[in-house]
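Read in this note's numbering, the sequence shown has 37 at position 22, and its numbers run on one by one without any break.
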Amino acid sequence: MATVDLACSVPNNVGLREKPGLRKSLEWFDVEFRKWWFDCGPAGIRDNEIYLRTPVGVDPGGWAQYAFVPLSQYRWGVFQAPAKPGRVALFGAIAGQPVWQTLPQEHRDYIRKLLVTQGDTEPGSVEQSRQLALTAPSLYDLRNLLQFSVEEGRHLWAVVHLLFEHFGADRHEDAQGLLARRSGSVGNPRILDAFNNPLQDWLSYFMWCFLADRDGKYQLLSVSDSAFEPLARSTRFMLYEEAHHMFIGHDGLRRVIQRTIDLMREHETDDVAPHGGINLSTVQRYFNFWAPRIYDLFGSDESVRAADAFCAGIKGRVNESNCDEHVRLEGTVSIERRVPGRSGEFEVVEVPVKDALNGVMRQAYLHEVTQLMSRWNKLLSQAGIGFELRLPSQRFNRRFGAYADQRFSPAGDPVDEAVFEARRGEWLPTGAERAYLRAVQQPVRARGLLAGWLAPPTRGINDMPALDFDYVRF
Ligand SMILES: [Fe+2]
Ligand SMILES: [Fe+2]
16 MATVDLACSV PNNVGLREKP GLRKSLEWFD VEFRKWWFDC GPAGIRDNEI
66 YLRTPVGVDP GGWAQYAFVP LSQYRWGVFQ APAKPGRVAL FGAIAGQPVW
116 QTLPQEHRDY IRKLLVTQGD TEPGSVEQSR QLALTAPSLY DLRNLLQFSV
166 EEGRHLWAVV HLLFEHFGAD RHEDAQGLLA RRSGSVGNPR ILDAFNNPLQ
216 DWLSYFMWCF LADRDGKYQL LSVSDSAFEP LARSTRFMLY EEAHHMFIGH
266 DGLRRVIQRT IDLMREHETD DVAPHGGINL STVQRYFNFW APRIYDLFGS
316 DESVRAADAF CAGIKGRVNE SNCDEHVRLE GTVSIERRVP GRSGEFEVVE
366 VPVKDALNGV MRQAYLHEVT QLMSRWNKLL SQAGIGFELR LPSQRFNRRF
416 GAYADQRFSP AGDPVDEAVF EARRGEWLPT GAERAYLRAV QQPVRARGLL
466 AGWLAPPTRG INDMPALDFD YVRF
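Right, dumping it as structure tokens:
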């Protein structure tokens, strides 16, 4: 196994010293990537020193070091989790046989598409959130956004490395495409729709990290036991970093809700906006807006492609190793299908698990998100507040899949267009709400200070003080 080589032009543990052609291609990518970073990375931050976590190893217990790094000199790199000696394929028709170290020709097209689609989300999320660097509520939060951004950048590096190593280091067009598409562009948008919605306020950013990075975790987990060993090892390393992204979202939302609770009690009102807080009804509408965009990312419940990828041993279920059977998937799962010829009508059908792997993954995801949200609802009920935050129904406001092009309430009841329009402002964020969030989210860039719309973090990064520390030096 190649050791971690931090002195190489591209920090890595994939043996770049012995692979000059591949190293050259990644050096080319470094130049192109930095051009993209300065155009599309966090706005207004260039040479500032940031207190960042950087990989220095690949052992899950001690892979990162914290230090001040001028952002313009940050070194991305290529890291893969350690190989598990003697690993055999876990699932699909090839279960029990040795994993592939090189790409099987028959799966070339599928894996290339998988890599390009996954890779495209990484720069997409940096582009989506770039303007938020101008309005962070504290140095701590700004630092977290920057950490998130450099790590999403490194996820792109991981994908580009796999493309170069396994699809030809002399073929740069996929890498160029990944840097050329733009979140929200009309002519050349990001591949997946969710990544074309700009994050214009920090509430949206926290929701994004809570919901979309968790989808990211599920997507990574589903290939982290892949028979294509380089993909499995790359994604396992990405998962080390992903945990903090989900924390940013989860803890950020907890802090918003906590602050709202405090203001509601202090002023004895549900309407905390006049006091600089964010109303619970606004938080709910933002959930209603963002959750359907993330549901769409899982694809159609029933999918032949997903079944084929499972059978091939490439993409499994989340935590496949916890499942007791990895080949036949004979159990059934219930899903909703449109009734043919009857607009707006659905029937529940039982289908074999292998035919509905996307649905199975989304159900597991929804279960996890619901459980996490129940903790906030507990906070609310402990404070004597009779408000519960809820995920909208899987039917609500979808753009893809069985529920697209039809109208439902957030509870999932069919409604006609007139009802939907009449209640739009009750169900989805209003222009006034969006404007309020932008207005209240003034940047706070002084040590020790925090904006008034969220509670302080309970602890700092790497045991540093939460607020009384220069995480970002201006
Ligand atoms: Fe990522
Ligand atoms: Fe992430």
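Using N, Cα and C, we set each Cβ at its ideal position, and we do this for glycine too.
Of the residues the options, the one placed nearest residue i, counting alpha carbons only
i: GLN120; options: HIS181, GLU142 and ALA108; result: HIS181
i: ASP230; options: ASN392, GLY374 and GLY356; result: GLY374
i: ILE4; options: HIS259, ALA242 and ALA371; result: This structure gives no information on residue 4, because the portion of the chain shown stretches from 16 to 489.
i: ASP431; options: GLY440, LEU443, GLY359 and ARG474; result: GLY359
i: ILE350; options: PRO213, GLN378 and ASN294; result: GLN378
i: VAL73; options: TYR255, HIS187, PRO444 and GLU383; result: TYR255
i: TYR81; options: GLN191, MET279, GLN162 and LEU31; result: GLN162
i: GLY183; options: MET479, LEU344 and LYS39; result: LYS39
i: ARG68; options: LYS50, PHE48, TYR89 and TRP51; result: TYR89
i: ARG405; options: ARG300, TYR380, SER336 and TYR486; result: ARG300
i: GLU403; options: ARG390, PHE411, ARG410 and GLN409; result: ARG390
i: VAL46; options: TRP91, THR473 and LEU312; result: TRP91
i: LEU129; options: LYS99, SER87, PRO100 and LEU178; result: LEU178
i: TRP52; options: LEU86, LEU21 and ASP478; result: LEU86
i: SER408; options: LYS232, GLU42, PRO307 and ARG357; result: PRO307
i: LYS99; options: SER239, GLU42, GLN191 and VAL354; result: SER239
i: ILE329; options: ALA470, HIS122 and TYR66; result: HIS122
i: ARG49; options: PRO75, GLN191 and GLY446; result: GLN191
i: LEU118; options: ASN28, LEU246 and ASP62; result: LEU246
8 Å contact criterion, which residue i and residue j should meet: CB distance rounded
i: VAL366; j: VAL348; result: 6 Å
i: ARG145; j: GLY202; result: Actually they are not in contact, since the Cβ atoms of ARG145 and GLY202 sit about 19 Å apart, beyond 8 Å.
i: GLN215; j: ARG453; result: 6 Å
i: ARG127; j: GLU244; result: So it is not a contact: roughly 17 Å between Cβ atoms.
i: ARG270; j: ILE476; result: ARG270 to ILE476, Cβ: 15 Å. No contact.
i: PHE221; j: LEU268; result: 5 Å
i: VAL84; j: GLU64; result: 7 Å
i: TRP442; j: PRO458; result: No, TRP442 and PRO458 are not in contact; Cβ-Cβ is about 31 Å, not under 8 Å.
i: VAL333; j: LEU236; result: 5 Å
i: ARG248; j: GLN95; result: 4 Å
i: VAL131; j: ASP189; result: 6 Å
i: PHE106; j: GLU362; result: PHE106 to GLU362, Cβ: 30 Å. No contact.
i: LEU21; j: LEU31; result: Contact flag wrong, Cβ pair sits at about 12 Å.
i: ILE309; j: LEU381; result: Actually they do not touch by this definition, with Cβ atoms about 10 Å apart.
i: TRP223; j: GLN456; result: Not a contact, Cβ separation roughly 15 Å.
Coil, strand or helix - residue i by DSSP
i: SER318; result: coil
i: VAL459; result: coil
i: ASP285; result: coil
i: SER87; result: helix
i: ASP333; result: Strictly speaking, residue 333 in this sequence is Val, with Asp absent from that position. Coil at VAL333, not helix or strand.
i: TRP51; result: helix
i: ASN27; result: strand
i: PRO113; result: strand
i: THR275; result: helix
i: ALA481; result: coil
i: PHE361; result: strand
i: PRO138; result: helix
i: LEU67; result: strand
i: ASP339; result: coil
i: ASP94; result: Strictly speaking, residue 94 in this sequence is Phe, with Asp absent from that position. The answer is coil: DSSP assigns PHE94 none of H, G, I, E or B.
i: PHE210; result: helix
i: ILE309; result: helix
i: GLU188; result: helix
Contacts around residue i, its chain only, beta-carbon distance under 7 Å, and the 5 residues preceding and following it disregarded
i: LEU171; result: GLY134, GLU137, PRO138 and LEU193
i: ASP228; result: GLU257, HIS260, MET261 and GLY264
i: ALA322; result: LYS369, ASP370 and LEU372
i: PHE304; result: LEU443 and PRO444
i: GLY292; result: ARG274, THR275, LEU278 and TRP468
i: VAL114; result: ARG102, VAL103, ALA104, ALA242 and GLU244
i: GLY463; result: LEU482 and ASP483
Same chain, Cβ closer than 8 Å to residue i, neighbours up to 5 away in sequence not counted
i: ILE276; result: LEU394, LEU395, ALA398 and ILE400
i: GLY59; result: ALA148 and LEU149
i: ASP316; result: ILE350, GLU351, ALA371, ASN373, GLY374, ARG377, GLY416 and ALA417
i: PRO213; result: GLN143, GLN146, SER198 and GLY199
i: MET388; result: LEU404, ARG405 and LEU406
Same chain, Cβ closer than 6 Å to residue i, neighbours up to 5 away in sequence not counted
i: SER198; result: GLY139, GLU142, GLN143, ARG205, PHE210 and ASN211
i: THR297; result: GLU448
i: GLN421; result: GLY359
i: PRO70; result: TRP78, ALA79 and PHE94
i: PRO480; result: none
i: PRO26; result: ARG90 and GLY92
i: VAL364; result: ARG352
i: SER24; result: GLU42
9 Å Cβ cutoff, residue i in contact with chain C
i: GLU244; result: Note that chain C does not occur in the displayed structure, where there is just one protein chain.
Taking contact to mean 3 or more Cβ pairs, one atom from each stretch, closer than 8 Å, check whether the stretch 154-168 and the stretch 32-41 are in contact.
Segment contact: the stretch 154-168 against the stretch 32-41, fewer than three CB-CB distances shorter than 8 Å; contact not assigned.
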